[in-house]
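Residue numbers (the numbering used here): 636 to 951.
We treat Cβ as the ideally placed atom computed from N, Cα and C, and that holds for glycine.
Structure representation (structure tokens):
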């Protein structure tokens with residue numbers, strides 16, 4: 636779908652550029668409106684185009700009520716975030732998956748707040764429309780409600796994100812309530828929660844059989860605590876559909892079937908940059924690994940053979 640169609644689905648233009656926290660006004664860094672242009676055929680001067688305003692959490696909740704789905708991808712840098720926004724992605728997640736996809740760790744556990752904030756700042760600065768959500772990394776919110784609020788505040792102030800995400804259901808309800816009471820939107824994450832992989836016995840589908848009622852309770856608890864959305868990871872599709880039908884806040888699926896209100900994937904998985912065995916829920920829409928390997932290989936060959944740089948790329 637063209638970008639304009641995505642933009643019109645969630646946003647309208649605004650003549651103001653007020654700061655935005657994910658629930659309020661437009662983007663403060665979207666840039667000035669274009670200069671006035673004469674209308675064709677000698678008509679009056681046209682009004683300058685207003686910049687797009689940020690998608691807000693309330694826009695996503697409204698989309699659910701109206702039966703409109705939306706897409707989310709991870710992003711960790713300015714180029715991918717700007718590209719994904721241009722392609723129509725409504726929400727970008729600066730995930731703790733940066734531990735694997737940026738810093739080279741085997742799990743999400745080692746990444747720190749200080750490592751994620753610069754990545755989140757780059758994503759927020761490079762975009763003008765998408766809602767930017769940052770993960771609270773392992774160890775940055777579990778100790779107390781006060782710790783959770785302090786960490787969330789850092790992401791809002793230092794990175795300029797519009798919401799934060801944390802893992803855990805009913806056990807994290809007080810954290811969600813504390814953060815939202817401080818004025819910060821929260822996206823919850825239930826089902827398989829990677830930060831608790833050792834406690835869960837590895838990467839396994841959650842909510843099968845009798846465990847389904849506990850997952851339903853988790854979904855209800857995070858919604859009641861004030862979360863504006865909830866991610867469900869590796870959850871049986873029927874159960875995810877039941878949660879989606881019951882909640883008034885949007886559900887975001889990753890390995891949770893097609894009935895969720897939105898979907899999220901790690902972009903390196905989606906684009907085929909990461910090779911090897913992928914989780915069952917991953918669909919590769921490109922083979923970026925092969926494209927880049929071929930491009931870099933050609934560059935290396937041309938450097939070694941003296942083909943590059945050509946005369947037109949050199950100076951007299």
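Proximal residues to residue i (C-beta, below 7 Å), its chain only, five neighbours per side dropped
{"i": "residue 696", "result": "863, 884, 885"}
{"i": "residue 832", "result": "742, 838"}
{"i": "residue 815", "result": "821, 861"}
{"i": "residue 874", "result": "842, 847, 850"}
{"i": "residue 784", "result": "813, 814, 817"}
{"i": "residue 790", "result": "752, 755, 769, 796, 799"}
{"i": "residue 809", "result": "780"}
{"i": "residue 930", "result": "none"}
Span of the beta strand (DSSP E), counted from its first residue to its last, around residue i
{"i": "residue 980", "result": "Within the shown structure, residues of the chain are numbered from 636 to 951, placing residue 980 beyond reach of any answer."}
{"i": "residue 802", "result": "798 to 802"}
Check: residue i C-beta below 7 Å from any heavy atom of the ligand NAP
{"i": "residue 754", "result": "The model on display carries no ligand, and the ligand NAP is accordingly not part of it."}
Span separating the alpha-carbon of residue i from that of residue j
{"i": "residue 819", "j": "residue 798", "result": "6 Å"}
{"i": "residue 898", "j": "residue 910", "result": "21 Å"}
{"i": "residue 796", "j": "residue 765", "result": "10 Å"}
{"i": "residue 734", "j": "residue 859", "result": "31 Å"}
{"i": "residue 778", "j": "residue 786", "result": "11 Å"}
{"i": "residue 914", "j": "residue 946", "result": "47 Å"}
{"i": "residue 889", "j": "residue 916", "result": "7 Å"}
{"i": "residue 693", "j": "residue 896", "result": "14 Å"}
{"i": "residue 782", "j": "residue 950", "result": "57 Å"}
{"i": "residue 754", "j": "residue 939", "result": "35 Å"}
{"i": "residue 925", "j": "residue 908", "result": "8 Å"}
{"i": "residue 878", "j": "residue 723", "result": "26 Å"}
{"i": "residue 854", "j": "residue 826", "result": "9 Å"}
First and last residue of the uninterrupted alpha helix (DSSP H) at residue i
{"i": "residue 721", "result": "713 to 721"}
{"i": "residue 932", "result": "923 to 940"}
{"i": "residue 781", "result": "780 to 789"}
{"i": "residue 613", "result": "Outside the shown range of the chain, which is 636 to 951, sits residue 613, and nothing can be said about it."}
{"i": "residue 844", "result": "From DSSP, residue 844 is part of no alpha helix (DSSP H); its letter is neither H nor E."}
{"i": "residue 833", "result": "832 to 835"}
{"i": "residue 732", "result": "No alpha helix (DSSP H) contains residue 732, which DSSP labels as neither H nor E."}
Residues near residue i in its chain [Cβ-Cβ closer than 6 Å; skip 5 each side]
{"i": "residue 920", "result": "905"}
{"i": "residue 866", "result": "824, 887"}
{"i": "residue 762", "result": "716, 720"}
{"i": "residue 891", "result": "867, 870, 875"}
{"i": "residue 793", "result": "752"}
DSSP bridge partner residues for residue i (one or two, in chain order)
{"i": "residue 898", "result": "706, 888"}
{"i": "residue 952", "result": "Nothing in the structure corresponds to residue 952, since the chain is present only between 636 and 951."}
{"i": "residue 823", "result": "801, 865"}
Own chain partners of residue i with C-beta closer than 8 Å, once the 5 adjacent residues on each side are dropped
{"i": "residue 933", "result": "none"}
{"i": "residue 740", "result": "734, 746"}
Exercise. On the three-pair Cβ rule with 8 Å, is the stretch 799 to 809 touching the stretch 765 to 784?
Worked result: Enough Cβ pairs lie closer than 8 Å, so yes.
For this session: Answer yes if the stretch 747 to 754 comes into contact with the stretch 771 to 790, meaning at least three C-beta pairs across the two stretches below 8 Å, and no otherwise.
Result: Because the criterion of three Cβ pairs below 8 Å is met, the stretch 771 to 790 and the stretch 747 to 754 touch.
Exercise. Is the stretch 749 to 761 touching the stretch 723 to 734, taking contact as three or more C-beta pairs under 8 Å?
Worked result: Contact holds: three or more Cβ-Cβ distances are below 8 Å.
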